[in-house]
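Participant: One structure coming up, written as structure tokens, with questions to follow.
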Amino acid sequence: MNKEEYKNVYVFAEQREGEIQPVALELLGKARELADGYGEKLVAILAGYKVADKAQTLIAYGADEVVLVDAPELKDYITEQYAQAIHQVIEAYKPRIVLYGATTIGRDLAPRLSARVNTGLTADCTKLALAEDDKEFLMTRPAFGGNIMATIVIREHRPQMATVRPGVMQKLAKDDSRKGVVNSFTPKFDESKFKVKLIETVKEAKDTVDITAAKVLVSGGRGVGNTEGFAKLQKLADVLGGQVSSSRAMVDAGVMPHDRQVGQTGKTVRPNLYLACGISGAIQHLAGMEESELIIAINKDKFAPIFNVADLGIVGDLHKIVPMLTERLAKEIEK
Amino acid sequence: MNIVVCIKQVPDTTEVKINPVTGTLIRDGVPSIINPDDKGGLEVALQLKDKYGAHVTVITMGLPQADAVLREAFAMGVDKAILLTDRKLGGADTLATSNALAGALRTMDVDLIITGRQAIDGDTAQVGPQIAEHLGLPQVSYVVGLDVKDGKYIVKKETEEGYQMLEVEGKCVLTTLASAFKPRYMTVAGIVDAYDREVEIWGADKIDVDASKIGKAGSPTNVYKSFTKELKPAGEKFEVEPEEAVELIVAKLKEKHII
Amino acid sequence: MNFELTKTQQLFKQMIREFAEKEVKPLAAEVDEQERFPMETVQKMAKLGIFGIPIPKQYGGAGGDQIMYTIAVEELSRCCATTGVIVSAHTSLCCAPILEHGTEEQKMKYLPKLASGEWIGAFGLTEPNAGTDASAQQTTAVLDGDEYVLNGSKIFITNAGYADVYVVATMTDKSLGNKGITTFIVEKGTPGFSIGKKEQKMGIRGSATCELIFENCRIPKENLLGRIGGGFKVAMKTLDGGRIGIASQALGIAQGAMDETVKYTKERKQFGKSISQFQNTAFQMAELETKVQAARLLVRSAAFKEDKGMPFSADAAMAKLFAAQTAMEVTTKAVQFHGGYGYTREYPVERMMRDAKITEIYEGTSEVQRMVISAKLFK
Chain A
1 MNKEEYKNVY
11 VFAEQREGEI
21 QPVALELLGK
31 ARELADGYGE
41 KLVAILAGYK
51 VADKAQTLIA
61 YGADEVVLVD
71 APELKDYITE
81 QYAQAIHQVI
91 EAYKPRIVLY
101 GATTIGRDLA
111 PRLSARVNTG
121 LTADCTKLAL
131 AEDDKEFLMT
141 RPAFGGNIMA
151 TIVIREHRPQ
161 MATVRPGVMQ
171 KLAKDDSRKG
181 VVNSFTPKFD
191 ESKFKVKLIE
201 TVKEAKDTVD
211 ITAAKVLVSG
221 GRGVGNTEGF
231 AKLQKLADVL
241 GGQVSSSRAM
251 VDAGVMPHDR
261 QVGQTGKTVR
271 PNLYLACGIS
281 GAIQHLAGME
291 ESELIIAINK
301 DKFAPIFNVA
311 DLGIVGDLHK
321 IVPMLTERLA
331 KEIEK
Chain B
1001 MNIVVCIKQV
1011 PDTTEVKINP
1021 VTGTLIRDGV
1031 PSIINPDDKG
1041 GLEVALQLKD
1051 KYGAHVTVIT
1061 MGLPQADAVL
1071 REAFAMGVDK
1081 AILLTDRKLG
1091 GADTLATSNA
1101 LAGALRTMDV
1111 DLIITGRQAI
1121 DGDTAQVGPQ
1131 IAEHLGLPQV
1141 SYVVGLDVKD
1151 GKYIVKKETE
1161 EGYQMLEVEG
1171 KCVLTTLASA
1181 FKPRYMTVAG
1191 IVDAYDREVE
1201 IWGADKIDVD
1211 ASKIGKAGSP
1221 TNVYKSFTKE
1231 LKPAGEKFEV
1241 EPEEAVELIV
1251 AKLKEKHII
Chain C
2001 MNFELTKTQQ
2011 LFKQMIREFA
2021 EKEVKPLAAE
2031 VDEQERFPME
2041 TVQKMAKLGI
2051 FGIPIPKQYG
2061 GAGGDQIMYT
2071 IAVEELSRCC
2081 ATTGVIVSAH
2091 TSLCCAPILE
2101 HGTEEQKMKY
2111 LPKLASGEWI
2121 GAFGLTEPNA
2131 GTDASAQQTT
2141 AVLDGDEYVL
2151 NGSKIFITNA
2161 GYADVYVVAT
2171 MTDKSLGNKG
2181 ITTFIVEKGT
2191 PGFSIGKKEQ
2201 KMGIRGSATC
2211 ELIFENCRIP
2221 KENLLGRIGG
2231 GFKVAMKTLD
2241 GGRIGIASQA
2251 LGIAQGAMDE
2261 TVKYTKERKQ
2271 FGKSISQFQN
2281 TAFQMAELET
2291 KVQAARLLVR
2301 SAAFKEDKGM
2311 PFSADAAMAK
2321 LFAAQTAMEV
2331 TTKAVQFHGG
2341 YGYTREYPVE
2351 RMMRDAKITE
2361 IYEGTSEVQR
2371 MVISAKLFK
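One line per chain: the protein sequences are A, B and C, in this order. Under the working numbering, the first residue of the first sequence carries the number 1, and numbering increases by one thereafter. Under the working numbering, the first residue of the second sequence carries the number 1001, and numbering increases by one thereafter. Under the working numbering, the first residue of the third sequence carries the number 2001, and numbering increases by one thereafter.
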């Protein structure tokens, strides 16, 4: 292969039922930076059925070009249909880099394609950058259960492919005035390979709360007091897209159900953010949460042991701070 | 029905600790286990054995000590075990690994291939779909339910919003989630027999794949560097007015990209 | 000489530890609190073959060895001593005597169902007036035609009520003392055989400990286990094996308390550092760890001798004596290390301390073990 033929940074713009997924916009934000680093174009691949109207959104979030693959075969995501379409785009356009969201779709499609085009793929990257000296594309990801970080390069194969978890990259501010080119691409499907049939798609509100899976936990202890206190925490959790958890004291008091309890006799959690409100931080509680990525504690008692494990400690009244914080964050996130 | 389950021996990453002084990984004494998603796949295969009398083969690629996970699979109830081990296969990334396993699978009479969704030491989720591609077979990943009806596989796939029901015709590759299939325990009788049974040892010459596609040479990705995460700096504590507290928190959340 | 477990034993340990951690540990506090026999765990263990570990394959067992059996009781007891003793009493006190002294017919009739866990086993020796002095048996068995008629009662019988098969010691000729003792197999539901009062105990509270009552209980004479008058030997041999089981239970309790204490003392901070960093804690824990390891070696060496068909009576007694003492010492100190928390039910060490005490008492008190050991010493 002639590596030099492969140019430009591509993003697989994942959509579901015609809705562009947030991760696609986040990838555009990062890919913009990479494309600028090479002085090349940022191209979004928009595949689906009757999705043409979404192309402008991708441009508004940073794409220079959109390759639109619009076909009835692509109405629902099925591996082979999408693999054929995107494979042909790659063959035709020869991208330097292709990025995918590390979703159940991206993590299904990208490896299939990497094998089809015989190239490397780096999964679940948390950092993408160009080397300062030779602009080698550096893909950094956690390995070993998050215990180590590894930076991966794909030197001799093109395109260089990576998946990135939702929420890791920052999308750009939307700019509706941006102009870009939309190119339609019509793939040739080999239907004899379509062996998987979608019977139904079911959306279900996951009724049992799994606090161990939550990325953000707003957790309350004795200082929260009662159900009304937890309602404040719930509002904050909603704004942050998280869940409410509890210390043992509030579970024993019957204020919170046991499946929300963090700690020795509850669950061990490791969210990206653990916001401890009115939790003193008994050893049994700490055992269940001290591995959290970021710990912020709000407590009236400045000697509360929770402050020993907190990255940021606020000595103060959660009943005042939490509602103000909720309001402030709601505005911040709207922006 | 012949089912082949691909399993991997992995260090139990939940037991891995970081040396607080040197910041390096402490690997000593970390137990090796069957990768959890693979064990889920083993369980679903054994359920098909219980239900329909399927013949279950388990294959692993790795160092000779990966024999241990095959013994465990025997004790859980599999019929046949293959250890694919060869220095020529070393240094493989996911693509080279999938090529090697696909090379082994090509030589076997198989109706259904199951792998775990991903391995806990790498979390890449690539090998299953890559095997499917090499063999030209359909795939369904994130499988949380499986049955066979009128010769077709009825597969439940987990998605972010819920699930999908899919129907697959003929031979295919499925990647399973540990959370959906609670693996059975080894039986005592199975354990007593496990080391008396024969594990087939296969080398690179036994598999059907181009030599350029396996091992280090067949790996497009390279590790540029690896490092441990920085240790947490000691936290700061502020006793301030609520307004200022809110600003401090917002600033921290931004710094850490929570918002 | 080899101190390493075989690969098979290691694999077994891996399984039983995972099983105990996931299936047994979560129920331990509840089983204790409610004095509840963990039937659901028994059924799970049955499915895996845990009730037939050392029973040969030809009788439906797994064909494992005594070392594996000790590992099973240790690992189960590490999480829940109640569960440990259910397996121990079943295996050592019921399956073992039938395997050792039973006729081929008896083995074929009872062992497959015992090994599969479809039937649970128990052993009846102790009576209100015959504890350590087994020769004071008052339960009688009298031959009447083709049947023996049993009268009398047994107390403190583990698994009573839940067991389907009971090996029962009786007096067939009082004038002969020990040599007048005869053992029989009695099945649950035999007319005249009933379960009496259930004991309320300090520890192993989920284990069923009841009275057995025989009132003109007629059993077929082919249920004779061993020979007439051979019951004392059956009972003593059975207890030798049983002691390895209880030593394993004690070892498991001790190990469980060690693990809890290591975890706690590393996490618990006082005066700005983990209490494990205080030399008082560290040195005491080192002593305890050494004793636990010593107990394990004694247990395994006794089991090893039993596997090899070597005499192991004194070895079993030493294992039980030392393991039980160690369990008591470790659990008492574990509670101390946990401080106020250790005295509460929030942490498992107080339960472990209560559970540990019985290991110094049943299947021969520590005093009996000293008798056995010294008898060999001075013979």
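Idealized CB from N, CA, C, for every residue including glycine. Treat the numbers as computed from the prediction; the structure is a model and nothing was measured.
State the DSSP-derived secondary structure class of Tyr2343(C), mapped to helix, strand or coil.
Facilitator: Tyr2343(C): coil per DSSP, three-state reduction.
Participant: May I have a chain-ordered list of the alpha helix (DSSP H) segments no shorter than 4 residues that lie completely inside the region 44–89 of chain A?
Facilitator: Listed in chain order, they are 55–60.
Participant: Report yes or no: is there a C-beta of chain C within less than 8 Å of the C-beta of Val1247(B)?
Facilitator: Inspection of the sequence shows that residue 1247(B) is occupied by Glu rather than by Val. Closer than 8 Å: no.
Participant: Establish whether the CB of Arg1197(B) and some CB of chain C are separated by less than 8 Å.
Facilitator: Closer than 8 Å: no.
Participant: By the 10 Å Cβ neighbour count, where 16 or more other Cβ atoms means buried, how is Tyr2069(C) classified, buried or exposed?
Facilitator: Burial call: buried.
Participant: Is Gln2043(C) a contact residue of the ligand FAD, with contact defined as CB to any heavy atom under 7 Å?
Facilitator: This structure lacks the ligand FAD; in fact it carries no ligand of any kind.
Participant: Return the chain-ordered ranges of every beta strand (DSSP E) run that is complete within the region 2212–2247 of chain C and spans a minimum of 3 residues.
Facilitator: For the region 2212–2247 of chain C, not a single whole beta strand (DSSP E) run of length 3 or above is found.
Participant: Going residue by residue through the region 1130–1202 of chain B, where are the continuous alpha helix (DSSP H) segments of at least 4 residues, counting only ones entirely within it?
Facilitator: If we require 4 residues or more, the alpha helix (DSSP H) runs fully inside the region 1130–1202 of chain B come out as 1188–1194.
Participant: Could you list which residues in chain C have their beta carbon closer than 7 Å to that of Ile1191(B), in chain order?
Facilitator: Near Ile1191(B) (Cβ distances below 7 Å), the residues of chain C are Thr2008, Leu2011, Phe2012, Met2015.
Participant: Strictly below 9 Å CB to CB, what residues from chain C border Ala287(A)?
Facilitator: The contacting residues are Lys2263, Glu2267.
Participant: Can you list the beta strand (DSSP E) stretches of 3 or more residues lying completely in the region 2107–2169 of chain C, in chain order?
Facilitator: Counting whole runs of 3 or more residues, the region 2107–2169 of chain C contains the beta strand (DSSP E) stretches 2121–2124, 2140–2144, 2147–2158.
Participant: Does the separation of the CB atoms of Met189(A) and Gln21(A) fall below 8 Å?
Facilitator: The amino acid at residue 189(A) is misidentified as Met; the sequence shows Phe. Not a contact, by the Cβ cut-off of 8 Å.
Participant: How far does the beta strand (DSSP E) with Asp124(A) in it reach, from first residue to last?
Facilitator: 121–125 is the span of the beta strand (DSSP E), which, as asked, contains Asp124(A).
Participant: Per DSSP, which one or two residues make a beta bridge with Glu2187(C)?
Facilitator: DSSP output for Glu2187(C) lists Val2165(C) as bridge partner(s).
Participant: Would you say Glu1200(B) lies against chain C (beta-carbon separation less than 8 Å)?
Facilitator: No, its Cβ sits nowhere closer than 8 Å to a Cβ of chain C.
Participant: Using a Cβ-Cβ distance under 8 Å, would Gly2064(C) count as near chain B?
Facilitator: Closer than 8 Å to some Cβ of chain B, the Cβ of Gly2064(C) qualifies, so yes.
Participant: What whole-angstrom Cβ distance do Ile1007(B) and Asn272(A) have, given they're in contact under 8 Å?
Facilitator: The pair is not a contact, with the Cβ atoms about 31 Å apart (cut-off 8 Å).
Participant: Quick one: is Met2285(C) buried, meaning 16 or more other Cβ sit within 10 Å of its Cβ, or exposed?
Facilitator: Buried, because 16 or more other Cβ atoms sit within 10 Å of the Cβ of Met2285(C).
Participant: Would you call Ile199(A) buried or exposed, if buried means 16 or more other Cβ atoms sit within 10 Å of its Cβ?
Facilitator: The residue in question, Ile199(A), is exposed, as its Cβ has fewer than 16 Cβ neighbours within 10 Å.
Participant: Applying the criterion that 16 or more other CB atoms from any shown protein chain within 10 Å of the CB defines a buried residue, is His2101(C) buried or exposed?
Facilitator: Classification of His2101(C): buried, given that the 10 Å Cβ count is 16 or more.
Participant: For Ser2077(C), does the count of other Cβ atoms within 10 angstroms reach 16, so buried, or fall short, so exposed?
Facilitator: That one is buried.
Participant: Cutting at 6 Å between CB atoms, please list the residues of its own chain near Ile2213(C), excluding the five before and the five after it.
Facilitator: So the qualifying residues of the chain are Ser2153, Ser2194, Gly2196.
Participant: Using only the alpha-carbon positions, how far apart do Gln2291(C) and Ser2301(C) sit?
Facilitator: Reading the sequence as shown, one finds Lys at residue 2291(C) and not Gln. The alpha-carbon atoms of Lys2291(C) and Ser2301(C) are separated by roughly 15 Å.
Participant: In angstroms, rounded to a whole number, what distance separates the CA positions of Asp1193(B) and Ala1068(B)?
Facilitator: Near 13 Å, if we compare the C-alpha coordinates of Ala1068(B) and Asp1193(B).
Participant: Are there three or more Cβ pairs, one per stretch, closer than 8 Å when the region 2031–2047 of chain C is compared with the region 2055–2070 of chain C?
Facilitator: These segments do not touch.
Participant: Is the separation between the beta-carbon of Ala2169(C) and that of Gly2231(C) shorter than 8 Å?
Facilitator: Against a cut-off of 8 Å, the Cβ pair of Gly2231(C) and Ala2169(C) comes out as a contact.
Participant: Using the rule of at least 16 other Cβ atoms within 10 Å of the residue's Cβ for burial, across every protein chain shown, is Ala1132(B) buried or exposed?
Facilitator: Counting Cβ neighbours within 10 Å, Ala1132(B) comes out buried, since at least 16 surround it.
Participant: Between Tyr1153(B), Glu1161(B), Gly1122(B), Arg1106(B), which lies nearest to Asp1093(B) when the distance is taken from Cα to Cα?
Facilitator: Considering only alpha carbons, the answer is Gly1122(B).
Participant: In chain order, what residues of the same chain lie with their CB nearer than 7 Å to the CB of Lys288(A), ignoring the 5 residues before and after it?
Facilitator: The amino acid occupying residue 288(A) in the given sequence is Gly; Lys does not appear at that position. For Gly288(A), where only same-chain residues beyond five positions count, the Cβ hits under 7 Å are Val262, Gly263, Gln264, Gly266, Lys267, Thr268, Val269.
Participant: Roughly how many angstroms separate the alpha carbons of Glu26(A) and Val168(A), rounded to a whole number?
Facilitator: If I take the Cα positions, the gap works out to 8 Å.
Participant: Under 8 Å, Cβ to Cβ, is there at least one residue of chain B near Asn272(A)?
Facilitator: It does: the Cβ of Asn272(A) has a partner Cβ on chain B nearer than 8 Å.
Participant: Have a look at the DSSP bridge pairing and note the partners of Ser1212(B).
Facilitator: Beta-bridge pairing links Ser1212(B) to no other residue.
Participant: With respect to the beta strand (DSSP E) encompassing Leu198(A), which residues constitute its N-terminal and C-terminal limits?
Facilitator: Unbroken beta strand (DSSP E) run through Leu198(A): 196–203.
Participant: Using a Cβ cut-off of 8 Å (strictly closer), state whether Ser1141(B) contacts chain A.
Facilitator: At least one chain A Cβ lies under 8 Å of Ser1141(B).
Participant: Kindly indicate if chain C contains any beta-carbon less than 8 Å away from that of Ile59(A).
Facilitator: Chain C, which has no Cβ nearer than 8 Å to the Cβ of Ile59(A), makes this no.
Participant: Give the residues of chain B in contact with Ile2050(C), contact being defined as C-beta atoms less than 8 Å apart.
Facilitator: Chain B residues near Ile2050(C): Val1188.
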